[in-house]
Each structure stands twice: as structure tokens, then as C-alpha cells.
Amino acid sequence: MFQLGWQHYEKTCYWFSTTTLPWHSAASSCRSHGAELASVLTAAENAYLRYFAAAFGHSYWIGGDDEVVEGSWTWAGTDAPIDYNDWGPGEPGGARNENCLAIYHPINYHWVDADCKFPSFRYICEKPYPESGPGHVQYVDFSQVFRLTVFVFRLFQHYEKTCYWFSTTGLSWYSAAIDYWLGRNDEVIEGTWTWVGTDALVDYDGCYPGESQMQEQKIIWRFIRVLIIMWPMLIAQIHLDLFATNR
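Residue numbering for the sequence shown follows full-length UniProt numbering, starting at 1 and increasing by one per position.
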């Protein structure tokens, strides 16, 4: 077994994103799932990734770059040099303004170097396949995750066994926080919300009415609303019963 939305190949799990990001933001997205942009070490692994890229019909960022030393391509997750490669014709050809590696749809899913800021590529994340233990999304008790501190300072606040920090700057979700972002998303499978630090499913849901909610919470709120509406009638009925008994 492996986590929802991830593809298993040999000793690695891969996730093919459904959204596009610049290369550095894509790398941050992978890290939020405990993964890295994919490193391609063999022809067999490359053929596997090309197959799925072609099946989905998109270009994908992978984890190579030469930002540190122009022309010296390394895998960002390990800084290991790129030994195996699948460069397309004339690639890499971007000189100093194209320093990040992608599997490119227009040239039959061979590799190209591209501008790292280019926002229109999807991306492939990878992490080791769990060879022992359950290896799938585990349900954990998240009753403590949404606890709030009373005061908002720049320093971390302590509550029971958890420390919180409320940022004083505004950034995108991938960069950090505003207003205030929490560590959950449904990027891997639409509607399947997980905590990014562990990829565990969201058990507790404190969403505003109308947003994504657990079915049990909806039922409880419906019951409360019905009770509020029915309460005056229940009181009136009790008064009538008491009146009839006293007579």
C-alpha cells in the first residue's frame, strides 16, 4: 500500500501534480508532502516518468538545475551530479537564463532546460516507498492541531504540547502564511484533504459553514439548528401538559 494519489515504481513513490507552478514553488510543494522534485537516475525510471507524462499530456518540472554553477547539472534533492540524461535535440541550450530541468511535451517528453520562473509546467514529486509498516495514510488524532493561543506575538506561543507562531507578514501558501493559512490541502486528490507535514487525512474539520466539512459535523449542526427552531414549540407543549395535569 502507498499514499493516496501516488504512483509506485520499484522503491519510489511519485506524484504527478495537477496544478502548475514555477520550479522553486514546485520544489516547496513537494517538500510540504515530505518529498522532493523527482531525480531520474536510470533509463528505466525515465521511461516510466515519460509514459505517465505522455498519458497526462503535460510538461513537468523534475529536480535538476544548474543554478549554482552554469552547465554543472545536479539533482536538487541530493546535490548529486546528473549522470544519466535524456536531453532533447539541442538541449540544454538556455545559457544563464534557463537553469531548471523539465520533461517537455512538445519534444516527445525529452528533457529541456527552462527558465525556473516559468509558471506553466506541472511537476513530479518523489519519496521513498515505505518497505515496512502500513505505508498508507494513517488516521491520527488531530484534536490538538486547531488549538489557538490567546495572544498573537511574533514569538512562539506555548499551548499544552504544541508551540505556535503567528506570522506578521503576508505570503502565498507555498511560501508560508497569511490570515492564517493552516497546513492542509487537497492537491493530490480533489476533495481528499490531508495535513502537509504527514500526508495524514484530515479527521477533524473546523471549516466555516458552506466550506468543506465532515459529514458528521454537518449532521450535528443541522441537529442544533433544528433544536433552536423547535425549542419554543417544545416549551409551549410542556406548559400545555403541565396545565392539563394541574386541572
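Backbone N, C-alpha and C fix where the C-beta goes; we use that ideal spot for every residue, glycine too.
Of the residues 106, 128, 102 and 129, the one whose Cα lies closest to the Cα of residue 121 is 102.
When only Cα atoms are considered, residue 99 and residue 119 end up about 14 Å apart.
Per DSSP, reduced to three states, the secondary structure at residue 45 is helical. Within the UniProt domain "C-type lectin" (9 to 116), the runs of beta strand (DSSP E) at least 3 residues long that lie entirely inside it are, in chain order, 12 to 16, 60 to 65, 100 to 104 and 110 to 114.
The beta-carbon distance between residue 187 and residue 17, rounded to whole angstroms, is 7 Å. This is short enough to meet the 8 Å contact definition. Sequence-distant Cβ neighbours of residue 22 in its own chain, meaning closer than 7 Å and more than five residues away, are 116, 117, 118 and 119. Remark: C-beta atoms of residue 60 and residue 123 approach each other more closely than 8 Å.
For the pair residue 77 and residue 36, the CB atoms are nearer than the 8 Å cut-off. Counting only residues of its own chain and dropping the five nearest sequence neighbours on each side, residue 89 has no CB closer than 6 Å to any other CB.
Boundaries of the beta strand (DSSP E) around residue 128: 122 to 128. Linking residue 106 to residue 195 through their CA atoms gives a straight-line distance of about 35 Å. In the assembly as shown, residue 5 is a buried residue. Its beta-carbon has 16 or more other beta-carbons within 10 Å. In this structure, residue 75 and residue 25 do not form a Cβ contact; the two beta carbons are roughly 18 Å apart against a cut-off of 8 Å.
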